[in-house]
Structures are given as C-alpha cells and as structure tokens.
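Asks:
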Amino acid sequence: MLTQTDFWKLESEDSLLKLNDDFLQEGNTSQVEELLLRGERWYENVMKHSENIPVKEYQPEHIENVPEGIRRIIELDVLRTLKSEEYKAPLRVLLTQLWKDFGDYAQAMCLVAAFLRLVLSENKVYKIMTVLNHSNFYIPGYWKAEAVGYASDTYSAIAIAREISPEVVNKITRTQPYPETFCQKFFNAIGIHVFPFEIEFDIMEQFLTGGRVFLFQLITSVMDVQKEQFLNNNEVNIMFNLLGLEKEVTSRETLRRICDEAKNYDKVLEHDIVAMRNEMYEKHLRAKLEKQKRAKEEEDSDDIIDCPSTDDEDE
Numbered sequence: 001m002l003t004q005t006d007f008w009k010l011e012s013e014d015s016l017l018k019l020n021d022d023f024l025q026e027g028n029t030s031q032v033e034e035l036l037l038r039g040e041r042w043y044e045n046v047m048k049h050s051e052n053i054p055v056k057e058y059q060p061e062h063i064e065n066v067p068e069g070i071r072r073i074i075e076l077d078v079l080r081t082l083k084s085e086e087y088k089a090p091l092r093v094l095l096t097q098l099w100k101d102f103g104d105y106a107q108a109m110c111l112v113a114a115f116l117r118l119v120l121s122e123n124k125v126y127k128i129m130t131v132l133n134h135s136n137f138y139i140p141g142y143w144k145a146e147a148v149g150y151a152s153d154t155y156s157a158i159a160i161a162r163e164i165s166p167e168v169v170n171k172i173t174r175t176q177p178y179p180e181t182f183c184q185k186f187f188n189a190i191g192i193h194v195f196p197f198e199i200e201f202d203i204m205e206q207f208l209t210g211g212r213v214f215l216f217q218l219i220t221s222v223m224d225v226q227k228e229q230f231l232n233n234n235e236v237n238i239m240f241n242l243l244g245l246e247k248e249v250t251s252r253e254t255l256r257r258i259c260d261e262a263k264n265y266d267k268v269l270e271h272d273i274v275a276m277r278n279e280m281y282e283k284h285l286r287a288k289l290e291k292q293k294r295a296k297e298e299e300d301s302d303d304i305i306d307c308p309s310t311d312d313e314d315e
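Numbering (UniProt numbering), first residue to last: 1 to 315.
1. Need the endpoints of the alpha helix (DSSP H) that LEU10 sits in, please.
2. Three-state secondary structure (DSSP) at LEU2?
3. At a cut of 8 Å, does the segment 234–245 reach the segment 102–120 through at least three beta carbon pairs?
4. When the Cα atoms are used, what is the spatial distance from GLU297 to LYS291?
5. Would the segment 212–232 count as touching the segment 37–48 if we require 3 or more Cβ pairs under 8 Å?
6. For LEU91 versus GLY39, is the C-beta spacing smaller than 9 Å?
7. Tell me whether the segment 255–271 and the segment 156–171 touch, counting them as touching only if at least three CB pairs, one residue from each stretch, are closer than 8 Å.
8. To the nearest angstrom, how far is it from the Cα of LYS56 to the Cα of LYS127?
9. By the three-class DSSP mapping on this structure, what secondary structure does ILE219 have?
10. Suppose you measure from the CA of GLU313 to the CA of GLU299; what does that come to, to the nearest Å?
11. My assumption, with CB atoms under 8 Å, is that PRO196 sits in contact with ARG252. Please give the rounded CB distance.
12. By Cβ distance, which residues of its chain are closer than 6 Å to LYS88, with the 5 residues on each side in sequence left out?
13. Just verifying my parser: in three-state terms, what is the DSSP assignment at TYR150?
14. By the three-class DSSP mapping on this structure, what secondary structure does ALA189 have?
15. Quick one: Cα of SER84 to Cα of LEU95, how far?
16. Here's a check: name, in chain order, each residue in its chain whose Cβ is nearer than 6 Å to the Cβ of GLN229, leaving out the five neighbours to either side.
17. If you follow the alpha helix (DSSP H) that HIS134 is part of, which residue opens it and which one closes it?
18. For ALA145, collect the residues of the same chain with a Cβ closer than 8 Å to its Cβ; drop the 5 residues on either side in sequence, then sort them by chain order.
19. Given this structure, state the Cα-to-Cα distance separating TRP99 from LEU132, to the nearest angstrom.
20. I'd like to know whether the C-beta atoms of VAL168 and LYS227 end up nearer to each other than 9 Å.
21. Looking at the unbroken alpha helix (DSSP H) that takes in GLN31, where does it start and where does it end?
22. Does ALA106 come out as helix, strand or coil in the three-state DSSP assignment?
23. Between the C-alpha atoms of PHE23 and GLU198, what's the straight-line distance to the nearest angstrom?
24. At the level of alpha carbons, what is the spacing between GLU315 and ARG72?
25. I need the DSSP call for TYR87, collapsed to helix, strand or coil.
26. When you compare each of PHE102, ARG80, THR250, THR254 to ILE53 by their alpha carbons, which one comes out closest?
27. Residues in its own chain within less than 8 Å of GLU11 by CB, not counting five upstream and five downstream?
28. Mapping the DSSP letters down to three states, classify GLY211 as helix, strand or coil.
29. Suppose you measure from the CA of SER135 to the CA of TRP42; what does that come to, to the nearest Å?
30. Could you tell me the distance, in whole angstroms, from the CA atom of PHE201 to the CA atom of ARG294?
31. Could you tell me if THR310 is buried or exposed, where buried requires 16 or more neighbouring beta carbons within 10 angstroms of its beta carbon?
32. Mapping DSSP to helix, strand and coil, what is GLN292?
33. What is the C-beta distance between ASN188 and TYR142, in whole angstroms, given that I count them as a contact (C-beta under 8 Å)?
34. Who are the Cβ neighbours of LEU111 in its own chain at under 6 Å, not counting the five residues just before and after it?
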C-alpha cells in the first residue's frame, strides 16, 4: 500500500497507523524502497516453511452465502483498521477468501494482513497468511474462533518463562492465572497496536524469521525485562497494564529492550514446543473444554424439551 500514490491522502488517519509515530513518512521514497526489500525477505523466509502446505496464487473467488455473522465480523474489523473504501474493499475480499480457505476467522487476521500489505502485494500476503496458519513452525490453531492451539501454547510459554524468571511469573499468575487472556496481543496479532511501528517492524521480522519460538521468547522478555516493576507492584490493574505494555507504565526505551532482548532467551530453544502444546492441553484445558461442551449440550437439550411442538399447537 505504501507504493500507491493516494495512500497517505486516504489512509493517514486510519487505525492501522495509530502507532506509526512518524516512522513511516509520506514522500520518503528511500525508506519505502528499503521496506519493500525488507518485505521481500520476509516473504522468502516464510516460503521456506511452505512444504506440504496448500499454498496457491491469490485468485479471489466470488464467495456466496457467507454467514451473516462472519460477514459482519470481517466488516467491523476492516472498518476498525482502514479508513477509505478504496483500501477497505480489497482487504475485505482477502479476509473473506482466507476465511473460506481456513474454515475459520479471527480478528487478528485483519491486523496482520493489513500490516503486511503495507510492504507486500496481496498475492504475497495471501501466501504468507496461509503458511502462518498451517505450518507448525508458525501459529497453527491460533486464528480460530475457539483457538485451543493458541491457548495451549500460552501455558507452554508461561511454563518456560517460569524457568527463567520464577519469582516474577509466580507473582503474575497469582492474579492473572489464565495466560490466554494476556498473550493474545503478542501471539495472535504479533504485537501490532502494542509496539510503535519502528519497533513493530523488527518484531514482525523476528517472528517471520524465528516462528512460534520467537513469540515464546517475546512474552518471556515482556516479563523478565520488566521484572523490577512487577515485583515492586501489587495492584492488579498495574500488573495487567505491564503485561499489555501500556504506555502509562511501560516506556518506549523498555519496549525497545523487550524487542531486542527477546531473541536472547535461549532457554526456549531447549523445549519441544509442539509436544508441549499437547501436554498443556491435557493439563490445563481438556477438562475445562469438555465441561463447557457438556453444559452446551445440556442447554441445547433443554431448549428442545422446552420448545412446544407444532402438533400440540395445531390440536
């Protein structure tokens, strides 16, 4: 999108750019050229992990009968991300195609796709999103309405982080026992709308190069770099804001440190995170999800029993 002549005129005030902080600058052609080359490297890195994945050229279909709920969610996400119809329309089509291909949809897909579109073509963004969603190197099971794979991985990440900073992680989990509630910004949306763009471009690059392992390193860095703040605060809201890297409690310098130091947490590399996903599912999620499923089935059964039959009404 950065190469299009009307981009800044139409999108300079859109939500996607809310943390741009003057990093991307209108008319800076040398910066655009550099970022386009960077985007090509991202694409090449991701395609190295596309073996046995159904990656095809982007040829958007005319998709009929999109469920109203999905259509509405995609529409709202696009509205929250871009400003002009000229840019919203193709993003809407891309996300609808991805929903059809993946059989599911998550809000973070809109942010990630729009961010990548800044420096890459629709075709390459489509291919990258496909690999991210399918490859075990990246984030399979994250972009779903019921993202069990994502939730399982958050427990894996916290278990590893506890080995590195046990005092901090133990304190955090006493008040925030469900890591799936605070890892989402980092794991699903890859830090978009958390980090200023100057840092976010580095975050995205490290993720596309390092895969899911980098996300585990990143959340560990969030906790470990801010260790003193966590240990010296007992207010739940401040703890939660520190986890979310809210600007009221986390400085830009700290954000840069979190990004730069994440890759140094080699302890993460010692673990088989694919195997850990299954272990954490069994330990933390299976019983809870099965209980929820039984409750839903009982609720549906009660609805059927309570519903008067047509025959009774006719009599």
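Even for Gly, the Cβ is constructed at its ideal location relative to N, Cα and C. Source: prediction; values computed, not measured.
Replies: Checking against the coordinates, here is how it stands:
1. 7–11
2. coil
3. At 8 Å Cβ cutoff, the stretches do not touch.
4. 10 Å
5. Per the Cβ contact rule, the segment 212–232 is not in contact with the segment 37–48 (fewer than 3 Cβ pairs under 8 Å).
6. Result no, Cβ atoms of LEU91 and GLY39 do not sit closer than 9 Å.
7. yes
8. 7 Å
9. helix
10. Caution applies to GLU313, whose pLDDT of 45 falls short of 50 and renders its modelled position unreliable; the model cannot decide the point.
11. 7 Å
12. VAL78, LEU82
13. helix
14. coil
15. 17 Å
16. Excluding residues within five positions, the ones whose Cβ falls inside 6 Å are LEU242.
17. 122–134
18. ASP104, TYR105, ALA106
19. 14 Å
20. yes
21. 29–47
22. coil
23. Between PHE23 and GLU198, the C-alpha separation is close to 6 Å.
24. Because GLU315 sits at a pLDDT of 40, beneath the cut-off of 50, its placement in the model cannot be relied upon, and the following sentence gives the value as read from the coordinates. Here the alpha carbons of ARG72 and GLU315 stand approximately 41 Å from one another.
25. helix
26. If we check each option's Cα against that of ILE53, PHE102 comes out closest.
27. MET1, LEU17, LEU82, LYS83, SER84, TYR87
28. coil
29. 15 Å
30. 44 Å
31. Summary for THR310: the model assigns pLDDT 46, below 50, so the residue's position carries little reliability; its value from the coordinates is reported in the next sentence. When all chains shown are included, THR310 counts as exposed.
32. helix
33. 5 Å
34. ALA189, ILE192
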